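Asks: Dumping the structure here so I can ask a few things about it.
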Amino acid sequence: MSLICSKDCSITDQIPLYRKQFIDLKLNNFMRDFSITKWPLDCVALIKRIKDEKRLPLQISTVKDVSDKFDAVSRYVEEENLYQIIIDRDKIRYPFQDSRDRRLNFTIAHELGHILLDHLSIPDILKTDEERELEDLEANEFAGRLLIPEKTLLHCNFVSIPKVAEFFNVSNTALWIRLNNLQRLDLLESKITRVCNKCGNTQFHRAARYCRICGNHLKNNLNGVERKSYYETVSFDDCFDQAECPYCGQKHYHWPDGICPSCDRRLYNYCHKGLYLDKGGCSYTNPDYARFCEMCGGETYFSSMGFLRPRETHL
């Protein structure tokens, strides 16, 4: 089937509403069962995990010397009660290096779609061309939603199609089609913002040299794709561990209103190196939720004292 994309229409319009709802149901169940919560996804690793955990009877095999139009096929072997995904060996280039390699990621997700959407319960020979076409559209939609979740996609910094496609582990074409299906091609012309390419932080002092969240040096590293919010209200009454006052050295679990119970001095989120000014330390005052000093890259007081959650816990 030829694939024609237009900014005025979406090929998913051909999928009935009740089938879209079915895709959502099956996808949500699948992501819950396999604890899929972070992107990008690596479907090569995913199918290996599915196979190893044996929660779905799945067999993976390869074939060679086939038509160049062939990428993969899935089928159900009733006698053995298992699903097979057969992949063209010549199309396997892994680990992924470029857009062409990442087609495999979408191909595997597409075949998983056929399996999970129950397309294999009826043999192809009993289906019309139109029914097989619709099933291919549904499998594509399943793969698109799995690999490129709408919520994550819409929050991205659209530096370029190749950059965003690389982030999601898909080909440039797959990303374009997903945007088209969502009727959001306008995002390709959206304003590019400063985003740390290591942690996704978007908040910086205008004179900052380091990321306040991960300590990444910012020079030439503000072209990240995924935007993340790390803002949090610091709770001084709920220290994650017994913390030592940087002024008097006493340790406490609770710091009412950010004041040391022993010496009555208020805490500020100074650069931790401020303790050693006589040795060339830094005395910059950072925002309460900063884990690293924006001027020198050193750890902040509040991070070293355990007042802040690890950045990995922010979704």
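Counting along the sequence shown from 1, when you hit position 168 you're at 168 in UniProt numbering, and nothing is skipped either side.
Heads up, the beta-carbon is just placed ideally off N, CA and C, and yes, glycines get one too.
Quick caveat, the model's predicted, so the values are computed rather than measured.
Nearest to phenylalanine 106 by alpha carbon, out of Leu147, Leu134 and Trp176?
Replies: Just measuring C-alpha positions, the residue of Leu147, Leu134 and Trp176 sitting nearest phenylalanine 106 is Leu147.
Asks: Please report the distance separating the alpha-carbon of arginine 206 from that of threonine 300.
Replies: A straight-line Cα-Cα distance of about 19 Å links arginine 206 and threonine 300.
Asks: With DSSP as the reference, identify every bridge partner of alanine 165, one or two as the case may be.
Replies: Per the DSSP secondary-structure output, alanine 165 pairs with nothing in a beta bridge.
Asks: Could you pull out every unbroken alpha helix (DSSP H) segment of at least 4 residues lying fully inside the UniProt domain "IrrE N-terminal-like" (101-179), listed in chain order?
Replies: 103-116, 129-147, 150-154 and 161-168
Asks: For isoleucine 85 versus glutamate 111, is the C-beta distance shorter than 8 Å?
Replies: It is a contact, given that the beta carbons lie within the stated cut-off.
Asks: Over the uninterrupted beta strand (DSSP E) stretch that includes leucine 82, give me the two end residues.
Replies: 82-88
Asks: If you measure between the beta carbons of isoleucine 108 and valine 44, is that distance less than 8 Å?
Replies: yes
Asks: Hey, would you say proline 16 sits closer than 8 Å to serine 99, going by beta carbons?
Replies: One thing to note: proline 16 has its Cβ no nearer than 8 Å to the Cβ of serine 99.
Asks: Measure the beta-carbon distance from arginine 184 to alanine 290 and round it to whole angstroms, keeping in mind my assumption that it falls under 8 Å.
Replies: So it is not a contact: roughly 33 Å between Cβ atoms.
Asks: Using DSSP bridges, identify the partner residues of tyrosine 270.
Replies: Thr285
Asks: With respect to the beta strand (DSSP E) encompassing tyrosine 76, which residues constitute its N-terminal and C-terminal limits?
Replies: 72-77
Asks: Quick one: Cα of alanine 165 to Cα of leucine 56, how far?
Replies: 29 Å
Asks: Any idea what DSSP makes of leucine 222, helix, strand or coil?
Replies: coil
Asks: Can arginine 309 be considered in contact with the ligand NAD, in the sense that its beta carbon sits closer than 7 Å to one or more heavy atoms?
Replies: As for the ligand NAD, it is missing from this structure, which has no ligand bound.
Asks: Candidates Arg75, Phe142, Ile122 and Phe96: which alpha carbon is nearest isoleucine 23's?
Replies: Phe142
Asks: Alpha helix (DSSP H) containing residue 317: first to last residue?
Replies: The displayed coordinates of the chain run from 1 to 315. Any statement about residue 317 would go beyond what the structure contains.
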